[in-house]
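Just below is one structure, and these are the notes that go with it.
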Amino acid sequence: MPNAKMFVKDYLTNNMDYFKQISKYIFNHPELKFEEFQSAEFLMEKCRQEGFIVECGIAGIDTAFTASYGKGSPVIGLLCEYDALPGLSQTPNQTTHQPLNLDIGHGCGHNLLGTGIFATACAIKCYLEKNQLPGTIKLFGCPAEEGGSGKVFLVREKAFEGVDVALTWHPSPINAIMGLSSLAYCQAFFRFKGVSSHAAMAPHLGRSALDAVELMNIGVNFLREHVIPEARIHYSITDTGGTSPAVVQDYAEALYMIRAPRGKEVNDIFKRICKVAEGAALMTETEWEIEYINACSNYIPNRNLEKLLYKNIKEVDLPEYSQEEESFAGKIWSTFSEREKKDYLTTLKNFGYNGDGSEFEGKFLSKSISPYVESKDVLVASTDLADVSWIVPTAKITMTTSALGTSLHTWQMTAQGISSYAHKGMLKAAEVLTLTVIELIHNKQYLELIKEEFAAFTSKNPYICPIPDNVKPPTK
Ligand SMILES: [Zn+2]
Numbered sequence: 000m001p002n003a004k005m006f007v008k009d010y011l012t013n014n015m016d017y018f019k020q021i022s023k024y025i026f027n028h029p030e031l032k033f034e035e036f037q038s039a040e041f042l043m044e045k046c047r048q049e050g051f052i053v054e055c056g057i058a059g060i061d062t063a064f065t066a067s068y069g070k071g072s073p074v075i076g077l078l079c080e081y082d083a084l085p086g087l088s089q090t091p092n093q094t095t096h097q098p099l100n101l102d103i104g105h106g107c108g109h110n111l112l113g114t115g116i117f118a119t120a121c122a123i124k125c126y127l128e129k130n131q132l133p134g135t136i137k138l139f140g141c142p143a144e145e146g147g148s149g150k151v152f153l154v155r156e157k158a159f160e161g162v163d164v165a166l167t168w169h170p171s172p173i174n175a176i177m178g179l180s181s182l183a184y185c186q187a188f189f190r191f192k193g194v195s196s197h198a199a200m201a202p203h204l205g206r207s208a209l210d211a212v213e214l215m216n217i218g219v220n221f222l223r224e225h226v227i228p229e230a231r232i233h234y235s236i237t238d239t240g241g242t243s244p245a246v247v248q249d250y251a252e253a254l255y256m257i258r259a260p261r262g263k264e265v266n267d268i269f270k271r272i273c274k275v276a277e278g279a280a281l282m283t284e285t286e287w288e289i290e291y292i293n294a295c296s297n298y299i300p301n302r303n304l305e306k307l308l309y310k311n312i313k314e315v316d317l318p319e320y321s322q323e324e325e326s327f328a329g330k331i332w333s334t335f336s337e338r339e340k341k342d343y344l345t346t347l348k349n350f351g352y353n354g355d356g357s358e359f360e361g362k363f364l365s366k367s368i369s370p371y372v373e374s375k376d377v378l379v380a381s382t383d384l385a386d387v388s389w390i391v392p393t394a395k396i397t398m399t400t401s402a403l404g405t406s407l408h409t410w411q412m413t414a415q416g417i418s419s420y421a422h423k424g425m426l427k428a429a430e431v432l433t434l435t436v437i438e439l440i441h442n443k444q445y446l447e448l449i450k451e452e453f454a455a456f457t458s459k460n461p462y463i464c465p466i467p468d469n470v471k472p473p474t475k
């Protein structure tokens, strides 16, 4: 499809400034999970202006929306994110840590992610119109990727019904197909209620909720030796019940996060942690309760869809970088410790990279494509994209938007969030995704192959939503 290639490239180049402005707006209005009101409204307005039919507040979430265009098959889902993170405020285009007054920042690059998906939707729409082709694009405005399991709520409310494939991308230092599975997880508050008293005059009358939290944590720390090695159990004490040691704390709270390769393993560990909490309450004569917050499943890769993305990622011309861009990226690289740099190279091996890093000398922006491997490895992290992958064939690419070594959720990531090279990567991601969708529109046979692969897995492994029905997403 040589004409399609030229068309997509021209379309994105001609509208480059428009898309950059959108990315900058979202970057400059960072909002936390489930509170992305300005970003969602802004994106919805842009979708309306482009002629999409917008439905807002889907699945009972105020900041979730869909924007649809077209008719008939295939129905392509494009997953758009726009939430930011606490503690990651940073002045853009600076190579030292300089937080702004906001405390919130786009430390995961979702301003780029969201805009890249919007650009993809616009480019496909234009292609369908120009060629008068059937096909439906459905952009999903997915809030709360960062610890809110936004997409899992959308899946639970059947928002993706009728979608043939779902595609997305993520900002990254590398150009790759994200084919790794991920860890399932759940998180819940454990709350203890005791009796307060004067810690010196009447300690025998007090029943300490803080003691209960501490004993629970100790119990869980002993449990760690007796769970599968791939499991991860994290906690934080979110309420100590007060700051005075002279008062027996009558209330305390811990937030637990449990991860494992499969949902069933998460559930088994969660049940055992509940027993530990019950034991801690028994020991301290306190009462306890759980508030289940959210959860997500493990990611199911679709190899045929990934192969199509890989074909297209190899066919586009990767961006060229100016000396100025390389120099800025080099300054970012120099902010990492030797250990961080070494660790980073180890991480790259998960994506099929086999070098020692020596060829990076003087080149801090990746100009290569990581070889595609059907990796059986599991990414030691969780994503709510996983639940979409259980109900729709799903795939994701990463494109270079940051210097080598840049981890997600760091001030360095925010610092590069509206850099010239980040926007080059954003538009390149849109190009790869658009070409892939165009191929799916024309090649129904290949689409069937993708769906058959998906059905072969899901017919034997039915999806069970990890978030119980009674757990609702937060609303304002
Ligand atoms: Zn992210």
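Using the numbering used here, the first residue of the sequence shown is number 0, and each one after it goes up by one. Using N, Cα and C, we set each Cβ at its ideal position, and we do this for glycine too. Note that the structure is predicted; figures quoted are calculated from it, not measured.
Simplified DSSP assignment, three categories, for residue i
i	result
LEU99	coil
VAL53	strand
VAL387	helix
GLU526	Because residue 526 is not part of the residues shown, which for the chain are 0 to 475, the question remains open.
SER333	coil
ALA3	helix
MET256	strand
TYR126	helix
LEU304	helix
LYS471	coil
ILE312	helix
ALA251	strand
LEU202	Here the sequence assigns Pro to residue 202, which means Leu is not the residue at that position. If DSSP states are grouped into helix, strand and coil, PRO202 belongs with the helices.
PHE189	strand
LYS443	helix
LYS70	strand
LYS423	helix
PHE26	helix
Ligand 1 heavy atom lying under 7 Å from the CB of residue i
i	result
CYS107	yes
HIS96	no
GLU144	yes
HIS169	yes
LEU407	yes
Alpha carbon of residue i to alpha carbon of residue j, nearest angstrom
i	j	result
THR288	ARG206	It should be noted that the sequence gives Glu, not Thr, for residue 288. The alpha-carbon atoms of GLU288 and ARG206 are separated by roughly 16 Å.
TYR318	GLY113	Strictly speaking, residue 318 in this sequence is Pro, with Tyr absent from that position. Distance between the alpha carbons of PRO318 and GLY113 is about 20 Å.
ILE437	THR334	41 Å
THR346	LEU364	16 Å
GLN20	GLU325	23 Å
ILE292	TYR184	11 Å
THR239	ALA199	19 Å
MET5	ASP468	47 Å
TYR462	ALA455	13 Å
THR237	MET215	14 Å
GLY487	THR474	There is no way to answer for residue 487, as the model of the chain reaches only from 0 to 475.
PRO73	TYR126	14 Å
VAL275	ASP386	29 Å
LYS366	ALA402	11 Å
LYS8	ASN311	13 Å
PRO392	GLY56	24 Å
ASN130	VAL470	45 Å
GLY149	GLN186	14 Å
ARG261	ALA328	37 Å
Identified DSSP bridge partners for residue i
i	result
VAL219	Note: VAL219 sits in no beta bridge, so no partner.
ILE368	ASN174
THR168	Sequence check: residue 168 is Trp here, not Thr. Answer by DSSP bridge pairing, in chain order: ILE396.
GLY76	LYS137 and ALA165
THR65	GLU54 and PHE139
SER180	VAL377
VAL246	HIS197
CYS295	TYR184
ILE227	In the DSSP output, where bridge partners are listed per residue, ILE227 has none listed.
ILE236	ALA253
PRO85	ILE103
Open item on the list: Contact between the stretch 253-260 and the stretch 223-233 is defined here as three or more beta-carbon pairs at a separation below 8 Å; is this criterion met?
Closed with: Contact between the stretch 253-260 and the stretch 223-233 is present: three or more C-beta pairs spanning the two stretches fall below 8 Å.
Task: Three CB pairs or more closer than 8 Å across the stretch 157-176 and the stretch 82-89 - done: The stretch 157-176 is not in contact with the stretch 82-89.
- [ ] State whether the stretch 121-130 contacts the stretch 159-166, with contact taken as three or more CB pairs (one from each stretch) at a distance under 8 Å.
- [x] No, the stretch 121-130 does not touch the stretch 159-166.
- [ ] Would you check if the stretch 394-403 and the stretch 418-425 touch, i.e. whether three or more CB-CB distances between them fall below 8 Å?
- [x] At 8 Å Cβ cutoff, the stretches touch.
Task: Any 3 or more C-beta pairs closer than 8 Å across the stretch 34-45 and the stretch 431-451 - done: Touching, no, given that fewer than three Cβ pairs across the two stretches are closer than 8 Å.
Open item on the list: For the pair the stretch 129-145 and the stretch 54-69, tell me if three or more CB-CB distances fall below 8 Å.
Closed with: The answer is yes - the stretch 54-69 touches the stretch 129-145, with three or more Cβ pairs under 8 Å.
Task: the stretch 327-342 in contact with the stretch 405-422 per 3-pair CB rule at 8 Å - done: In short, these stretches touch, since the Cβ pair count reaches three.
- [ ] Would you check if there are 3 or more beta carbon pairs closer than 8 Å linking the stretch 295-307 to the stretch 373-387?
- [x] Yes: the two stretches touch, three or more of their Cβ pairs being nearer than 8 Å.
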